[in-house]
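Working notes, beginning with the structure itself.
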Amino acid sequence: MKTHFDELLDFPTVLNFKVMGIACDELPDLIIAELQKHTPGDYTTKITPSSKGNYHSVSIPVTVTSKEHIEKIYTTLNAIEQVRYVL
């Protein structure tokens, strides 16, 4: 990834990741399980269903420590089968 997070942010900092995926009960648990591998901690999620209920948007604040850390989180979350987008 060619990102410029290191030029824009002072680390460590808290970023709010928004993960959009198929509406299923286990989506928040899958996201948190992947985050625990790279950034152990207690997470609180905010889940917003789409207007038709087919998708969920999961917002989750994460403390990141570097540009590489952010990129790893994006890559890991995108690898979850039920996830469609990570913002």
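Here the sequence shown stands for residues 395 to 481, numbered as in this note's numbering. For glycine and all other residues, C-beta sits at the position ideal for the given N, C-alpha and C. This one's a predicted model, so the numbers in the text were calculated from it and none came from an experiment.
Supposed contact pair residue j and residue i - C-beta distance, whole angstroms, cut 8 Å
{"i": "T481", "j": "K396", "result": "Sequence check: residue 481 is Leu here, not Thr. Incorrect: roughly 18 Å between the Cβ atoms, too far for contact."}
{"i": "T470", "j": "H432", "result": "7 Å"}
Secondary structure of residue i, DSSP reduced to three states
{"i": "T389", "result": "Residue 389 falls outside the range modelled here, since the chain spans only 395 to 481, and no answer is possible."}
{"i": "P422", "result": "helix"}
{"i": "I464", "result": "helix"}
{"i": "H432", "result": "helix"}
{"i": "L409", "result": "strand"}
{"i": "T457", "result": "strand"}
Sub-9 Å separation of residue i and residue j beta-carbons
{"i": "Y449", "j": "A473", "result": "no"}
{"i": "Q476", "j": "L402", "result": "no"}
{"i": "I464", "j": "F399", "result": "yes"}
{"i": "S451", "j": "M414", "result": "yes"}
Cβ-based burial, residue i [other Cβ within 10 Å; buried from 16]
{"i": "P443", "result": "exposed"}
{"i": "P422", "result": "buried"}
{"i": "I441", "result": "exposed"}
{"i": "V408", "result": "exposed"}
{"i": "E428", "result": "buried"}
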